[in-house]
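Novice:
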Amino acid sequence: MRLKTALGMAAASAFLPSVASATNGYFSHGYGTISSGMAGAGAALAQDSIAAATNPAGLAFVGDRMDGGLELFSPRRKYEVEGPMAPPPAFSLQPGSYQSSRDAFAIPHFGVNHRITEHQALGVSVFANGGMNTSYPAPGPFGGGRTGVNLEQLFIAPTWSWEFTDNQAIGFSPLIAYQRFEAKGLGAFEGFSSDPSALTNNGTDDAWGYGFQIGWQGGITDTLRGGLSFRTILEMEEFEQYQGLFAEQGDFDIPSMFNAGVAWSGIQDHWILLDVQHIRYSDINSVGNPMLPALGMAQMGDPDSQLGADNGPGFGWEDMTIVKLGWQWQQTDQQTWRAGVSYGEQPVQEEEVLFNILAPGVQEWHFTGGFTRQFSDSLELSGSVFYSPRNSVKGDNPLNPEQTIELSMYQVGVSASVGWRY
């Protein structure tokens, strides 16, 4: 246990200073600067050693290289309450507009890949998820003082890839995941919890877990490439300090994900990429369970419906399917340009707005651009920018129907990375 704690602290200090990223739910819109510049597309076209985050088979085609970079990300979240407060047993919020103060994050990423034979390679990709990060000033939405949550997730993906025949490869990544979580200001929900002492204000808890990802990438015709990958549910340790908050006694597994994509090079010096990504948020009870009717049943004393119980309330997130369109133009041997757009219907439903004040993952559109500058045969610099316009979800306060709650957010960010071929 001490070794795991020490490893977690090392991982946190190195890669989780305050993790968040332009988000589809709480998954990143793209992993690595190059993919980010094309709205996250890249299942069929790998170009750096971070590519295993999208498709582990891609590392068979990137050669011997290292990549490291940093993303600066700013999500601007707020919620607005309209309508009068009502006396108990109604659960009312103070009317007004409130903005989360956590709006600046720095997220590193890293990868290395090395060919061990002419057709096989071993690599490691390190990347992160975030997006469930809020901090509202006292007295907070629920009257418990400064209120918010912070979820951070780090992934280490050692990857084996094999080009088993010309321009056809498979890849496998046993995934190691580390996550940590903190919640504040939720004391008003103690009466709904199976363990009020493990509900809120318990500091940062952490957990390790594992899963795997497999993939295929290869040529279909002379100008068309394809790629497929699947990531299992990552089975995580429970957050014991928050077993009275998350369903299944603090369980917070990471959902499975599927990627499929094509990349077309039928126009000289251009690539057109189209990816589809599917994320199974609803498979994770702490994320996918709806708030009602469980919270109402908990209020009436049903222990199986309390926060932290197997059937306890969650955030009510639905699955997401995201379509990503990317474009790349190699203007010269030294200069490459990129652009992209993605869309996925956000996972928060209007009847789930109360809990999702803590995690307003409501983004749908992402617009991106990027470049790579080649300085030598070995050294390159890549950059990207992204913008996700304001989106909102509005619904009734389910515990006081005279009130409405509107969640909204927009996001901006930049990323830069250095690539080194050796």
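Last residue of the sequence shown: number 453 in the numbering used here, and the count goes up by one each step with no gaps.
Virtual Cβ for every residue (Gly too), placed ideally from N, Cα, C.
All values derive from a computational prediction rather than experimental measurement.
#1: DSSP has residue 266 in a bridge; who is on the other side?
#2: Sort out for me which residues DSSP pairs residue 360 with in a bridge.
#3: Out of 321, 445 and 74, state which residue places its alpha-carbon closest to the alpha-carbon of residue 384.
#4: Of the choices 246, 67 and 143, whose alpha-carbon is the least far from that of residue 195?
#5: Checking 9 Å against the spacing of the C-beta atoms, do residue 407 and residue 68 come in under that value?
#6: Would residue 109 be called buried (16 or more neighbouring beta carbons within 10 Å of its own) or exposed?
#7: Am I right that residue 186 and residue 136 are in contact with their C-beta atoms under 8 Å? What's the rounded C-beta distance?
#8: Less than 8 Å between the CB atoms is what I'm expecting for residue 380 and residue 349, so what's the real figure, rounded?
#9: With a threshold of 8 Å, are at least 3 pairs of Cβ atoms found where one atom belongs to the segment 121 to 139 and the other to the segment 65 to 81?
#10: Identify whether residue 236 lies in helix, strand or coil by the three-state DSSP scheme.
#11: By the three-class DSSP mapping on this structure, what secondary structure does residue 433 have?
#12: If you check the beta carbons only, do residue 120 and residue 330 fall under 9 Å apart?
#13: Based on the DSSP secondary-structure assignment, which residues constitute the bridge partners of residue 106?
#14: Helix, strand or coil: which one does DSSP assign to residue 318?
#15: Quick one: measure Cβ to Cβ for residue 382 and residue 323, integer angstroms, because I've assumed they're closer than 8 Å.
#16: CB-CB under 6 Å to residue 73, same chain, minus the five flanking residues each way: which ones, in chain order?
#17: Would you kindly check if the distance between the Cβ of residue 91 and the Cβ of residue 201 is under 9 Å?
#18: Are the CB atoms of residue 174 and residue 215 nearer to each other than 9 Å?
#19: Can you tell me which of the three DSSP states residue 420 falls into?
#20: Could you compute how far the alpha carbon of residue 229 sits from the alpha carbon of residue 427?
#21: I'd like the span of the beta strand (DSSP E) that includes residue 66, first residue to last.
#22: Could you tell me the alpha carbon to alpha carbon distance between residue 277 and residue 332, rounded to whole angstroms?
#23: Excluding the 5 residues flanking residue 251 on each side, which residues of the same chain have their C-beta closer than 7 Å to its C-beta?
#24: From what residue to what residue does the beta strand (DSSP E) around residue 331 run?
#25: Here's the rule I'm using: 16 or more other beta-carbon atoms within 10 Å means buried, otherwise exposed. How should residue 363 be labelled?
#26: Out of 225, 290, 142 and 213, point me to the one whose CA is closest to residue 311's CA.
#27: Which word fits residue 242, buried or exposed, when buried means at least 16 other C-beta atoms lie within 10 angstroms of its C-beta?
#28: Taking the DSSP output, what are the residues bridged to residue 351?
#29: Tell me the DSSP secondary structure of residue 392 in three-state form.
#30: For residue 265, count neighbouring C-beta atoms within 10 Å of its own C-beta (all shown protein chains included) and say buried if the count is 16 or more, exposed if not.
#31: So the candidates are 117, 93 and 151; which of them puts its Cα closest to the Cα of residue 431?
#32: Following the continuous beta strand (DSSP E) through residue 127, name the residue where it begins and the one where it ends.
#33: Output needed for residue 193: all residues of its chain with C-beta closer than 7 Å, excluding positions within five of it in sequence on either side, in chain order.
#34: Strictly by DSSP, which residues pair up with residue 204?
#35: Would a C-beta distance cut-off of 9 Å place residue 100 and residue 61 closer than the cut-off?
Specialist: If we stick to the structure as given:
#1: DSSP lists 241 as partners of residue 266.
#2: Bridge partners of residue 360: 301 and 368.
#3: Ranked by Cα distance from residue 384, the options 321, 445 and 74 are led by 321.
#4: When 246, 67 and 143 are compared, the shortest CA-CA separation from residue 195 is found for 246.
#5: Their beta carbons are not under 9 Å apart, which means residue 407 does not touch residue 68 by this criterion.
#6: Classification of residue 109: buried, given that the 10 Å Cβ count is 16 or more.
#7: Not really, about 17 Å apart at Cβ, beyond 8 Å.
#8: 7 Å between Cβ atoms; contact.
#9: Taking a contact to require three or more Cβ pairs closer than 8 Å, the segment 121 to 139 and the segment 65 to 81 do not qualify as touching.
#10: Three-state result, residue 236: strand.
#11: Residue 433: strand per DSSP, three-state reduction.
#12: Yes; because the gap between Cβ atoms is below 9 Å, this pair is in contact.
#13: Under DSSP, residue 106 forms a beta bridge with 442.
#14: The answer is helix: DSSP assigns residue 318 an H, G or I state.
#15: Confirmed, about 7 Å.
#16: Within the same chain, and ignoring the five residues on either side of residue 73 in sequence, the residues whose Cβ sits closer than 6 Å to its Cβ are 66 and 85.
#17: Yes, Cβ-Cβ distance for residue 201 and residue 91 is below 9 Å.
#18: For residue 174 and residue 215, no; Cβs fall outside 9 Å.
#19: Strand.
#20: Answer to the nearest angstrom: the Cα atoms are 28 Å apart.
#21: Boundaries for residue 66: no beta strand (DSSP E) harbours it, while the alpha helix (DSSP H) harbouring it runs 64 to 67, taken from the DSSP string.
#22: When rounded, the separation of the alpha-carbon atoms in residue 277 and residue 332 is 18 Å.
#23: Excluding positions up to five away in sequence, the list reads 257.
#24: For residue 331, there is no enclosing beta strand (DSSP E), as DSSP marks it with neither H nor E.
#25: Residue 363 comes out exposed.
#26: Closest option to residue 311, judged by alpha-carbon separation, among 225, 290, 142 and 213: 290.
#27: Answer is buried; the Cβ neighbour count reaches 16.
#28: Its beta-bridge partners are 310.
#29: Here residue 392 sits in coil by DSSP.
#30: By the neighbour-count criterion, in which 16 or more other beta carbons inside 10 Å mark a residue as buried, residue 265 falls on the buried side.
#31: Checking every option, the nearest Cα to that of residue 431 belongs to 117.
#32: For residue 127, the uninterrupted beta strand (DSSP E) run begins and ends at 127 to 130, by DSSP.
#33: Result list for residue 193: 91, 150, 151, 200 and 201, in chain order.
#34: Paired residues: 244.
#35: No.
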